[in-house]
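Participant: Note that the protein sequences, when read in sequence, are chains A and B.
Take 341 as the starting number for the first sequence in my numbering and just add one per residue.
Take 0 as the starting number for the second sequence in my numbering and just add one per residue.
The C-beta atom is built at its ideal place from N, Cα and C for all residues, glycine as well.
None of these values were measured; they are calculated from a predicted model.
What follows is a structure written as structure tokens; I'll ask about it next.
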Amino acid sequence: MTERRLQETILALAILGGGIAAYLTVTHLAHAPVVCVSGGCETVQHSAYSELHGIPVAAIGLAGYVLIAASSRPRTDLARAAGGAAALAGLVFAAYLVYVQVSIIGAVCQWCIASDVVLALLVVATFLRLRAGPAG
Amino acid sequence: MSRRRLALVAAAAGALAGAALVAALALGTGGGSPAKPSAAPLGTRRVAAMLRGVPQNGTQLGSARAPVTLVEFADPQCPYCAEWARQALPAIVRDYVRPGKVRVVFSGMHFVGPQSQTALRTALAAAAQHRFWNVIELLYENQGVENTGWVTESLLRSIGESVPGLQTQRMLDARDSAEVSRLLAEGDALAQRAGVSSTPTFALGRTGSPLRFVTVASLAASGIEPQIDAVLKQ
């Protein structure tokens with residue numbers, strides 16, 4: 341896959357993930373119901389794990405997606421490395437949140453799982469870009 | 000720097016940043032592991048199973064968009080309220096609240112004795128963490144004889160520790176907060192306005208419309224289900 345194609349893929353995935361994170365951030369801050377198949381989203385959104393020192397976890401995710409989207413544009417090693425590091429950090433955090441949902445809260449939010457899938461794809465895409473470098 | 004080394008550095012930085020976020024969230028929520036079963040009060044599993052996946056907002060249980068609202072006026076020390084909590088509520092949650100047909104709103108009262116207020120304040124303090132129903136239901140599961148001192152700090156702490164996702168110390172610290180005092184006064188005013196003097200008392204109606212008091216035929220779910228069905232058909 342070419343550098344340009346990888347850049348476009350990363351940007352598209354970051355916009356998709358950012359959209360999910362923005363929706364969860366807005367519903368969390370507005371205490372609004374979340375469109376959800378099982379009702380688990382509201383339980384997760386209302387749990388003690390939905391905030392980190394008062395900051396919605398979804399907002400942290402949104403910031404991560406913005407960083408990844410921004411890193412997809414410059415054709416520098418620093419941007420490639422920053423994108424990969426941000427995506428991997430997000431995936432590690434997301435994996436812990438899956439554990440929290442299943443083992444502690446006892447409810448699963450489908451939006452969070454969708455975001456996790458996007459993050460996993462972003463890790464693959466950003467590290468492919470990182471390995472390929474400018475010539476790839 | 001070679002591409003391989005750059006990828007390794009990025010991977011290490013990403014893993015470290017992710018681990019830092021995990022540690023911050025786990026420490027911020029009081030651990031990140033489930034409560035120890037040995038410290039669990041009575042009814043922990045039953046209450047957790049009943050409420051798992053059901054939205055809570057303040058003292059409301061169920062979806063905000065549910066077409067029917069049931070308000071329960073109750074005192075944490077009232078034995079009939081505990082009977083209703085054990086006999087009727089599980090079926091009502093299963094058949095009406097979980098499918099999104101009914102939301103139940105708890106309006107707390109504290110006239111049985113001073114310990115009623117202690118218990119109610121603790122549950123209201125958990126409302127800020129959307130765990131009010133877990134705490135009030137566990138109080139009913141562990142209820143002792145009225146005004147015999149059963150509402151101990153140790154019971155309240157063990158109830159807090161057994162509720163998934165609840166920060167126990169935060170709940171205990173918030174009991175005398177202005178917000179909890181406001182919720183308590185709000186409940187007092189509502190009961191006074193509605194003329195409620197005994198518990199449990201129930202008011203039922205379409206969400207957003209005036210509610211009407213209903214007389215329950217028994218403290219089992221079948222004692223109120225016909226009234227709920229009738230309002231759902233309106």
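Put B/Arg174 into one of helix, strand or coil per three-state DSSP.
Facilitator: DSSP places B/Arg174 in coil when its eight states are reduced to three.
Participant: Could you spell out the range, first to last residue, of the alpha helix (DSSP H) harbouring A/Gly404?
Facilitator: First-last of the alpha helix (DSSP H) with A/Gly404: 397-411.
Participant: Is the stretch 156-176 of chain B in contact with the stretch 122-133 of chain B, if contact means three or more CB pairs nearer than 8 Å?
Facilitator: Yes, the stretch 156-176 of chain B touches the stretch 122-133 of chain B.
Participant: Taking 7 Å as the limit between beta carbons, can you name the residues of its chain near B/Ala84, skipping five residues before and five after?
Facilitator: Excluding sequence neighbours, B/Ala84 sits near Glu136, Tyr139.
Participant: Determine the chain A residues that contact B/Arg64 at a beta-carbon separation under 8 Å, and present them in chain order.
Facilitator: Simply Pro373.
Participant: Enumerate in chain order the residues of its own chain whose CB-to-CB distance from A/Ala422 is below 6 Å, with the five nearest sequence positions on each side excluded.
Facilitator: Correct list, in chain order: Ser411.
Participant: Apart from the five residues on each side of it in sequence, which residues of its chain come closer than 8 Å, Cβ to Cβ, to B/Gln116?
Facilitator: Answer for B/Gln116: His109, Leu183, listed in chain order.
Participant: Below 7 Å between beta carbons: does that hold for A/Gly424 and A/Gly404?
Facilitator: Taking 7 Å as the Cβ cut-off, A/Gly424 and A/Gly404 do not qualify as a contacting pair.
Participant: Can you pull out the residues from the stretch 397-424 of chain A whose beta carbon lies closer than 9 Å to at least one beta carbon of chain B?
Facilitator: From the stretch 397-424 of chain A, only Val397, Ile400, Asp417, Arg420, Ala421, Ala422, Gly423, Gly424 have a Cβ closer than 9 Å to chain B.
Participant: Figure out for me which residue from B/Val92, B/Gln114, B/Thr121 has the closest Cα to the Cα of B/Ser176.
Facilitator: Residue B/Thr121 is the option with its Cα nearest to B/Ser176.
Participant: For A/Arg469, which residues of its own chain have a beta-carbon under 6 Å away from its beta-carbon, when the five flanking residues on both sides are left out?
Facilitator: Excluding positions up to five away in sequence, the list reads Leu346, Arg420.
Participant: Distance check for A/Arg413 and B/Gly61, CA to CA, integer angstroms please.
Facilitator: Cα to Cα, the separation comes out at about 45 Å.
Participant: Tell me B/Thr68's beta-bridge partners as DSSP assigns them.
Facilitator: Note: B/Thr68 sits in a beta bridge opposite B/Arg102, B/Gly204.
Participant: From the beta carbon of B/Pro199, is the nearest beta carbon of chain A less than 7 Å away?
Facilitator: Closer than 7 Å: no.
Participant: Could you give the distance in angstroms between the alpha-carbon of A/Val406 and the alpha-carbon of A/Cys449?
Facilitator: Distance between the alpha carbons of A/Val406 and A/Cys449: 22 Å.
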